[in-house]
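Here's the structure we're looking at; comments come further down.
Residue numbers (full-length UniProt numbering): 1 to 556.
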């Protein structure tokens, strides 16, 4: 959902929403390229959400969903949950989001007009006395061709733009309306804009720089190769290296062994790291994250009938998702007992006037508990990319062989699909909760001494990791979920030394410094000339140069 970029010397990177809006004359209004087909919100799924809510309510000792049905005009209760219990990392921000100005106003001064007049003076002397020349300046309004970052999410609904998010749920956001070519072009344009406008690196000077690319474990080989090609070929960096996000997160917090739980906006990843090596067979990917918590917050308030009569739709209006994310970051926390708060909710139905209303927010502990009970969260449904796209005929980590009928040796699927477990594949679970994922990942290591160490070194990173009360709940429930035949007596979630949002980025910096030999770095000329072809001068096939970058650093 976001791209974080900066110089290695910076304390924190620039954190920009990973999106771009392009002006299109044929677009009558704001259109989202990755518009989902539907949302799984039928009666069956609503019933599952309600059952999950009641389970959470019994655990948190709050009223069940059917027991609380206040009217829309009910006054705010005199006693509500204290707001000063929020952590310092949470920021209550009720400020209004303003619409982005999509017009590019170019001013023509009288001097420039006189130059154009004088250049044609021989042909038509009368132009020197034109009306425009007597004005001090004149404005020419036109739509901006491209808008990036948060400004792209705040474009008015009537503006003729296509909004593109090149990455969705841990993969390229390819669909019938969003081609691979357009995804790669949007990635290149967004990264180039950040390098130019935020870091002020001219294209002609980029050959003086090296790039560290920190990627999540969900990306496939071809996706990583395409991004590496953008960095080296299109953006012009001299050398580049790819590191796993989990490994970078461990080093970013000063650890060499840890169970890294990365709660992203749309994907949650669990990976165990031992002595500076990410263990591929422990990697799990859960298809939910902070965005799903934000949408769940809206659903809870609507079921409690505390949400104003606004047409809030985070699925169709990106600005509504921004508002919900701000409310979630400012007020959501996990605690026992009823916890309500007061917030200002804004309506972005009309572009000229933005309404607002002070609103009571109820059951604020429930939405973040969706990480433990994912049935409370309803992810969107997207049309999957065509299956042949994932077949990498030039795979870096394995060979494929062809039969006479043109199909691969295992019946037309990629070679790795015939294997029960391979480092290039991440196990994915739809209905497993975060607690079960942590226990499954740690126990899959198979060694009691390592399991004890990992259970005492759980590290939370990502935006939702800052949720107050999440760490003690995980400690208690993970300990209770471990099988009784396992000799584990303690579970501990380590406190982050810096903002959990930027730990993987900082870890990438540390890994770049530790790699003094630079054996894992890929040179631009070598990549353009040889790529990853088997039998080339430099065979990236022999190692995990792109997939995992297993760099073994041990504590002294």
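In this text, a Cβ means the ideal position worked out from N, Cα and C, and glycines have one as well.
Close Cβ partners of residue i (< 8 Å) along its chain, the five nearest in sequence each way excluded
i, result
"residue 457", "255, 257, 258, 259, 492 and 494"
"residue 229", "527"
"residue 144", "23, 102, 103 and 104"
"residue 373", "52, 55, 56 and 433"
"residue 202", "196"
"residue 33", "162, 163, 164, 165, 173, 175, 177, 178 and 182"
CB of residue i within 7 Å of CB of residue j, strictly
i, j, result
"residue 217", "residue 461", "no"
"residue 20", "residue 172", "no"
"residue 481", "residue 439", "yes"
"residue 334", "residue 294", "no"
"residue 208", "residue 296", "no"
"residue 240", "residue 16", "no"
"residue 267", "residue 285", "yes"
"residue 437", "residue 183", "no"
"residue 96", "residue 304", "no"
"residue 153", "residue 287", "no"
"residue 99", "residue 156", "yes"
"residue 61", "residue 484", "no"
"residue 360", "residue 344", "no"
"residue 355", "residue 463", "no"
"residue 603", "residue 502", "Since the displayed the chain opens at 1 and closes at 556, residue 603 lies outside it and no answer follows."
Nearest-angstrom beta carbon gap, residue j and residue i [assumed within contact, 8 Å]
i, j, result
"residue 369", "residue 167", "Not really, about 27 Å apart at Cβ, beyond 8 Å."
"residue 431", "residue 477", "With a Cβ gap of about 16 Å, residue 431 and residue 477 do not count as contacting."
"residue 8", "residue 512", "6 Å"
"residue 204", "residue 5", "Contact doesn't hold; Cβ gap of about 19 Å is too wide."
Alpha-carbon to alpha-carbon, residue j and residue i
i, j, result
"residue 234", "residue 308", "48 Å"
"residue 188", "residue 211", "14 Å"
"residue 358", "residue 14", "32 Å"
"residue 63", "residue 339", "11 Å"
"residue 191", "residue 530", "24 Å"
"residue 363", "residue 45", "20 Å"
"residue 175", "residue 236", "29 Å"
"residue 367", "residue 468", "13 Å"
"residue 581", "residue 473", "The structure shown does not extend to residue 581, since the chain is modelled only from 1 through 556, so no value can be given for it."
"residue 215", "residue 195", "18 Å"
"residue 292", "residue 332", "13 Å"
"residue 243", "residue 315", "32 Å"
"residue 179", "residue 311", "31 Å"
"residue 465", "residue 459", "9 Å"
"residue 265", "residue 226", "22 Å"
"residue 164", "residue 31", "9 Å"
"residue 298", "residue 371", "16 Å"
"residue 142", "residue 313", "29 Å"
Close-in-space but distant-in-sequence residues of the same chain around residue i (CB under 7 Å, 5 per side omitted)
i, result
"residue 223", "171 and 172"
"residue 475", "491, 492 and 493"
6 Å CB neighbourhood of residue i in its chain, flanking five on each side removed
i, result
"residue 524", "232 and 238"
"residue 387", "Caution is warranted here: a pLDDT of 48 is assigned to residue 387, below 50, making its placement in the model unreliable, and no coordinate value can be reported."
"residue 49", "376"
"residue 508", "212, 214, 243 and 248"
Residue i CB to nearest heavy atom of the ligand PLP below 6 Å
i, result
"residue 345", "Among the ligands in the structure shown, none appear at all, so the ligand PLP cannot be discussed."
| query | Is there contact here, the segment 270 to 289 with the segment 315 to 327, by at least three beta-carbon pairs under 8 Å? | reply | These segments do not touch.
| field | Contact between the segment 441 to 455 and the segment 235 to 252 (3+ Cβ pairs under 8 Å) | value | No, they do not touch.
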